[in-house]
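Peer 1: Residue numbers (our numbering): 209 to 362. The beta carbon of each residue, even a glycine, is placed where N, CA and C say it ideally should be. Since this is a predicted model, take the numbers as computed values, not measurements.
(1) Below 8 Å, how does it come out for the stretch 307-315 and the stretch 331-338: are there three or more Cβ pairs, yes or no?
(2) Where does the unbroken alpha helix (DSSP H) through residue 241 begin, and where does it stop?
(3) In chain order, what residues of the same chain lie with their CB nearer than 6 Å to the CB of residue 300, ignoring the 5 residues before and after it?
(4) Which residue wins for smallest C-alpha separation from residue 276, given the options 267, 260, 264 and 269?
(5) Excluding the 5 residues preceding and the 5 following residue 242 in the sequence, name in chain order all residues of the same chain whose CB lies nearer than 8 Å to its CB.
(6) Quick one: is residue 287 buried, meaning 16 or more other Cβ sit within 10 Å of its Cβ, or exposed?
(7) Taking only the alpha-carbon atoms, compute the straight-line gap between residue 237 and residue 312 and give it to the nearest angstrom.
(8) Taking only three categories from DSSP, how would you classify residue 219?
(9) Just grab the DSSP bridge partners of residue 231 for me.
(10) If you follow the beta strand (DSSP E) that residue 352 is part of, which residue opens it and which one closes it?
(11) Rounded to whole angstroms, what is the Cα-Cα separation between residue 225 and residue 285?
(12) From residue 304 to residue 327, what does the alpha carbon distance come to, in whole angstroms?
(13) Roughly how many whole angstroms lie between the Cα atoms of residue 325 and residue 239?
(14) Straight-line CA distance for residue 262 to residue 251?
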């Protein structure tokens, strides 16, 4: 890029890294701004047990999104993540999950992702999630299932 004042080249703009400061109490009103009034949530679902949802806070005090975890009869530690549109595409999936795993002292997470949601699939794979679903599951639920195991040295 050329600097209009000097005619020389300008350094590329570096995007500032977003840091997760921690997890705060779940904010349902914020959730609704992200997902709308009818957004799906495990809270109140009869088949979802041990629901724990949090608002993710950045190091500047800003709300970055929502992260949650719940169990079903068949699976434990199923995740629910919503990144605020202002912060999507900035590598926050792994940071949200790291904060959740530390807060809840978890060693594994399960993510189920709509097969058409390529950005979420890519971001989960980059975060170290491994696909564990088979064709029968994928066809029945129209989702891929991913699993993350916390590295042993942490």
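Peer 2: Well, looking at it:
(1) no
(2) As a working note, residue 241 is residue 33 in the chain shown. 236-243 is the extent of the alpha helix (DSSP H) around residue 241.
(3) For the purposes of this step, residue 300 is taken as residue 92 along the chain shown, with counting starting at 1. Around residue 300: 291.
(4) Indexing the chain shown from 1 puts residue 276 at position 68. Among 267, 260, 264 and 269, the Cα nearest to that of residue 276 belongs to 260.
(5) Numbered from 1 along the chain shown, position 34 holds the residue referred to as residue 242. Correct list, in chain order: 273, 274, 290, 292 and 293.
(6) Locating residue 287 in the chain shown gives position 79, where the first residue counts as 1. Under this definition residue 287 is a buried residue.
(7) Residue numbering aside, residue 237 sits at position 29 when the chain shown is read from its first letter. Residue numbering aside, residue 312 sits at position 104 when the chain shown is read from its first letter. Their backbone Cα atoms lie some 23 Å apart in a straight line.
(8) Walking along the chain shown from the start, residue 219 turns up at place 11. Unreliable positioning characterises residue 219 in this predicted model, as indicated by a pLDDT of 49, which lies under 50. A coordinate reading is not provided.
(9) In the chain shown, the residue the question calls residue 231 occupies position 23. Partner(s): 264.
(10) Residue mapping note: residue 352 aligns to position 144 of the chain shown, counting from 1. Note, residue 352: beta strand (DSSP E), 351-357.
(11) Taking the chain shown and counting its residues from 1, the one referred to as residue 225 is at position 17. Taking the chain shown and counting its residues from 1, the one referred to as residue 285 is at position 77. Residue 225 and residue 285: Cα-Cα distance of roughly 28 Å.
(12) Counting from 1 along the chain shown, the entry for residue 304 is found at position 96. Counting from 1 along the chain shown, the entry for residue 327 is found at position 119. When rounded, the distance between both Cα atoms is 16 Å.
(13) Within the chain shown, residue 325 is the residue found at index 117, counting from 1. Within the chain shown, residue 239 is the residue found at index 31, counting from 1. Residue 325 and residue 239: Cα-Cα distance of roughly 20 Å.
(14) Numbered from its first residue, the chain shown carries residue 262 at position 54. Numbered from its first residue, the chain shown carries residue 251 at position 43. Near 12 Å, if we compare the C-alpha coordinates of residue 251 and residue 262.
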